[in-house]
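Read through the structure below, which is laid out as structure tokens, and then see the notes.
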Amino acid sequence: MDVEPATVIHAYGIVCSEAGFDVPDAGIGGAGVALLDAGPVSGIFSILPETAYGAAAWTEHAEDAAWLARVATQHQAVLADVVRDTDVLPLRLPAMYRDEVHLHRMLEAEAPLFRAALESLHEHLEWSVHLYLVGEPDAPAGDHPTTGREYLRQRAEAVSQRHLARVKREHSVRDAYASLADLSRQSVANPPQDSALSGRPEPMLLNSAHLVCRKHERLFFTAVEETAARLAPLGITVEVTGPWPPYNFVELGVEHLESQP
Amino acid sequence: MTSNTPQGPVFSGNREPASQNLADVLERVLDKGIVVVGDIQVRLLDIELLTIKIRLMVASVDRAREMGISWWENDPFVSGIEDGREDGADGLERRVRELEQRLGDGESKARHGR
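In the order they appear, the protein sequences are chains A and B.
First residue of the first sequence: -19, per our numbering; consecutive thereafter.
First residue of the second sequence: 486, per our numbering; consecutive thereafter.
Have a look at this one:
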């Protein structure tokens, strides 16, 4: 008789099997986190109740921002712990397996690919850079127009000034990105985040991710500080988050054999 | 400055309260990272559909375009298109020049009119 509650495997990421690191205590839903050795690579995983995290739960919550946010945050928290100590390939959600056997089979089959990716990303972390427009320089207060012509001239000048400011801003944002990209092995500019999600009312001018060698972190931060100093007079503020696992730099779409119909 | 003057860069580790970094987390965890479609159970999900929905939630590109911030589309670091880079800025500069010209024309016409 089957009295064991049904479970699914949730995989967080993939590490080199010989990597030394502390396996995080708790993962999604407070579940324990374990390591599955599949030869050259190992998978970090949790065993979760199927009712809460199985395929049906994912389908049910596909548009449930609060649910997705919680699962995504807990998934990331595990990887954030690991990435402090060692290189890890992050898996995109949903990363679900029926049981350890299926996860092991996948890891074994894709081991050469994962191993190559881990080696190429060795000692590199991802840092996120956001530029926000927090203030605009004040328009020069012209004399109060005394004639219609003067009024129109001032209007046209204001329009022209705004265009110039925008051109200057765009150049500055490009320059900022380029100077940070110079210190990164790879960089990518993603579309700015929606303020509904970022919770920030200010327009986001840049949403970039940078793959930076652990050894060059100080240099990168110094460049960020210099960039911030250059952008401050334009009303632009710089925010950095990280370190992240190299989410933006693992272009591996693996269609495992079993998934073929 | 009309509003808050920017300070130096703000550094925040990704173990800060989740609300601070939720957009970063969702953008990465749901839209980046390795995809391994490796289990029959996963196939039950319409992953494509889920991904599209998440994409809509994570980043509203159209909204960014409305604000005129779309330079990443032509960025050589992203697309490898080298010459696409100048279009946006040049276009704006051209418009500024046109405006300036129109402004000059307007003034000379006004002078002639006297």
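Think of the CB as a built atom: it goes at the ideal place given N, C-alpha and C, for glycine as much as any other residue.
Because the structure is a prediction, the values reported are computed rather than measured.
Where Arg135 (chain A) falls, given that 16 or more other Cβ within 10 Å makes a residue buried: Burial state of Arg135 (chain A) is exposed, judged by a 10 Å Cβ sphere holding fewer than 16 other Cβ atoms.
Bounding residues of the alpha helix (DSSP H) (the contiguous stretch that carries Ser128 (chain A)): Here residue 128 (chain A) turns out to be Gly, not Ser, going by the sequence shown. Counted as a single uninterrupted DSSP element, the alpha helix (DSSP H) harbouring Gly128 (chain A) occupies residues 128 to 162.
Within-9 Å CB hit, Gly573 (chain B) to chain A: Note that Gly573 (chain B) scores a pLDDT of 45, beneath 50, so its modelled location is shaky and nothing firm can be said.
Endpoints, alpha helix (DSSP H) assigned at Pro92 (chain A): 80 to 100
Partners in chain B for Gln56 (chain A), counting only beta-carbon separations shorter than 8 Å: Asn499, Val510, Arg513, Val514
Proximity below 9 Å, CB of Val21 (chain A) to CB of Arg142 (chain A): no
Neighbourhood of Val58 (chain A) by C-beta distance below 7 Å, restricted to the same chain and skipping five residues each side: Cβ neighbours of Val58 (chain A) beyond the five flanking positions: Tyr(-8), Pro4, Gly7, Val13, Ile24.
Cross-chain neighbours of Gln242 (chain A) in chain B, by beta carbon under 9 Å: There is no way to answer for residue 242 (chain A), as the model of chain A reaches only from -19 to 241.
Bounding residues of the alpha helix (DSSP H) (the contiguous stretch that carries Leu73 (chain A)): Neither: Leu73 (chain A) is in no alpha helix (DSSP H) and is coded neither H nor E.
Beta-bridge pairing of Glu219 (chain A) - partner residues as DSSP gives them: A:His110, B:Val495
C-beta contact flag for Ile(-11) (chain A) and Ser26 (chain A) at 9 Å: Yes, Cβ-Cβ distance for Ile(-11) (chain A) and Ser26 (chain A) is below 9 Å.
Endpoints, beta strand (DSSP E) assigned at Val204 (chain A): Careful: Val204 (chain A) lies outside any beta strand (DSSP E), inside the alpha helix (DSSP H) at 197 to 211.
Residue environment, Gly34 (chain A), which counts as buried when at least 16 other CB atoms sit within 10 Å: buried
Beta-carbon proximity of Arg210 (chain A) to Ala156 (chain A), cut-off 9 Å: yes
Cβ-based neighbour list, Ala169 (chain A), same chain, cut-off 8 Å, excluding 5 preceding and 5 following: Tyr157, Leu186, Asn187, Ser188
Unbroken alpha helix (DSSP H) run spanning Ala36 (chain A), endpoints: 35 to 40
Proximal chain B residues relative to Leu69 (chain A), where beta-carbon distance stays under 9 Å: What Leu69 (chain A) touches in chain B, judged by beta-carbon distance under 9 Å, is Gly518, Ile519, going in chain order.
Span separating the alpha-carbon of Ile216 (chain A) from that of His196 (chain A): 25 Å
Minimum Cβ-Cβ distance from Thr31 (chain A) to chain B less than 9 Å: no
Burial state of Met184 (chain A) (16 or more Cβ within 10 Å): In the assembly as shown, Met184 (chain A) is a buried residue. Its beta-carbon has 16 or more other beta-carbons within 10 Å.
Between the CA atoms of Tyr227 (chain A) and Arg513 (chain B) - distance to the nearest angstrom: Taking the straight line from one Cα to the other gives about 6 Å.
Any 3 or more C-beta pairs closer than 8 Å across the stretch 84 to 101 of chain A and the stretch 65 to 72 of chain A: The stretch 84 to 101 of chain A, when compared against the stretch 65 to 72 of chain A, does touch it at the 8 Å Cβ threshold.
Local conformation of Ser178 (chain A) per DSSP, three classes: helix
One or two residues paired with Thr53 (chain A) in a DSSP bridge: Thr53 (chain A) pairs with nothing; no bridge assigned.
Inter-residue Cα distance where the pair is Gln54 (chain A) and Arg194 (chain A): So the alpha carbons of these two residues sit roughly 24 Å apart.
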